[in-house]
Amino acid sequence: MNFDGLVGTTHNYAGLSFGNLASQRNAGTVSNPRAAAQQGLRKMKTLRDLGLCQAVLPPHERPAIDVLRRLGFSGSDATVLSGAARAAPDLLAACCSASSMWAANAATVSPGADTADGRVHLTPANLISGLHRALEAPTTARVLRAIFADETYFAHHAPLPTVEPFGDEGAANHTRLCSEYGVAGVELFVYDRRACAAGRTPRHYPARQTLEASQAVARLHGLNPRRSVFAQQNPRLVDAGVFHNDVIAVGNAQVLLHHEQAFLDSATVHRQLQQAFGELPVCFMVVPEARVTVKQAVDSYLFNSQLVMLPTGGMALIVPEECRRSPPVWSWLGELLEQQTPIRRLVVIDVRESMRNGGGPACLRLRVVLTATELGVVNAGVFLDESLFAALSAWIDRHYRDRLTAAELADPALLVESRTALDELTGILRLGSIYPFQLHGA
Ligand code: SUG
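In structure tokens form, the structure reads like this:
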């Protein structure tokens, strides 16, 4: 099942992510939160229409007034906002980011088939690489508990300690390969650096995920060490704008599709994965630099595609519109469809507003493998069907602005609009109270 993050009312371009080239490039431009949310919702609908199970994760409360108060701004909500805008516009921007839309960073999830106690294990990512992202963890933890409430089937862990050796970015650096979803798979954890040992690291941009964090998540989830592989991403690529592994690789079932430079040592990664996988061959699809350069991959987000199993058989690659505009990428994709590979279909989608902040189709979704019994106990209020699609589309049109600039983030009316929208949303999704303003009063 894919859980997509619904884009929040404050979606904007504040350039908050150092090392994320799109975020830096589009800093200060005008956003369109309504279009962003509708694009994300239409993507969900596209996957649902392909016959896949699709669900929704709610956006977080923004502006995060509670955080601004913790940082010393006081008075009425309007005074908190104007005080922050005057004294610390960067903090205000961080407290207004709609970054929870990128659900691949919400958590790492291991299905029951892989874990020692047979439960689905979830660890919300601490996202300590940036303040705007680190703010997400507490609400994410509450949301996941509200959706996967039954502890007979779901084990919730606390985010890892919020110190640098445990920088954790969730499923953006985690892929599961398997012969069938219901049987034990191989979990691949990709890290950028080792915190507690020497090794190669990026020089310019931050290395967000540590080996120590990945290992801790694997331990917490009770994964079989023989079926867990830890691989270092090529540090040069972080410096070229590959801030998460899902910008340069995507895997599902027996397929791992990646750029030839994605890993520090691809041959070893392939050998370890094949060994852990067993007899059945893993289908490694490697895109050479001679066909698509790392820069073209980062600009088009080719590897941030969703690789999904179609109920009708075969796989589809859900690529962002930007791939169509890149001649080398588009020609590689054209040839892919002519070859004998498990990928039979290409679906192009428009998530331009998210892409301009460095978030493609794969960033927007969190994959959760569930058995029929587990699916039966998940809070079904978040499952996307025709009626939820229609309700959310109307809800977006009712509450979202079609234009937002940095200066408008301090507008007290935006806070009121956002809270009104979110209060209504928790009713639509049947989630109960999950937001600070609902829990502690506005
Ligand atoms: O963490 N962008 C996000 C994009 C996350 C993409 N997710 C995955 N690759 N899975 C990030 O860099 C930009 C926000 C801003 O500038 O306001 C931002 O946070």
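Counting from 1, position 198 in the sequence shown corresponds to residue 197 in numbering that gives the first Met the number 0; the numbering is continuous, with no gaps. For each residue, glycine too, the CB sits at the ideal point set by N, CA and C. Source: prediction; values computed, not measured.
It is roughly 43 angstroms from the alpha-carbon of F165 to the alpha-carbon of E337. With contacts defined by Cβ atoms closer than 8 angstroms, L363 and K42 form a contacting pair. At the C-beta level, H10 and L365 stay beyond 8 angstroms of one another.
Short note on D245: C-beta closer than 7 angstroms to some heavy atom of the ligand SUG. For D65, the uninterrupted alpha helix (DSSP H) run begins and ends at 64–69, by DSSP. Taking a cut-off of 8 angstroms for Cβ pairs, the region 197–216 and the region 147–167 touch, as three or more such pairs fall below it. G184 is the residue among A140, G184, T138 whose C-alpha sits nearest the C-alpha of E278. Scanning its chain for C-beta atoms nearer than 6 angstroms, with the 5 sequence neighbours on each side dropped, one finds around L187 the residues T174, V228, in chain order. For L336, there is no enclosing beta strand (DSSP E); the residue is part of the alpha helix (DSSP H) that begins and ends at 326–337.
For a cut-off of 8 angstroms, the C-beta gap from N25 to R400 is around 18 angstroms, too long to register as a contact. In this structure, DSSP gives S178 a state outside helix and strand, which the three-state scheme calls coil. Of the candidates P360, D384, A252, P360 places its Cα closest to the Cα of Q38. Secondary structure note for L40: its alpha helix (DSSP H) is the uninterrupted segment 32–48. Each of I317, L255, I146, R85 was checked against the Cα of L428, and the nearest Cα belongs to I146. As computed with DSSP, D3 is found in a beta bridge with V55, R364. Annotation for A36: L5, V6, I395, Y399 place their beta carbon closer than 7 angstroms to its own, counting only its chain and skipping 5 residues before and after. Spatial neighbours of V241 in its own chain (CB-CB distance under 6 angstroms, excluding positions within 5 residues in sequence) are listed in chain order as I247. Annotation for A63: C94, C95, L134, P435 place their beta carbon closer than 8 angstroms to its own, counting only its chain and skipping 5 residues before and after. When secondary structure is reduced to three states using DSSP, I433 falls in the coil class, being assigned neither helix nor strand. In the structure shown, P341 falls within a coil segment according to DSSP collapsed to helix, strand and coil. Nearest C-alpha to S265 among V254, F283, L70: F283. Straight through space, the alpha carbons of A412 and L263 are spaced by roughly 49 angstroms.
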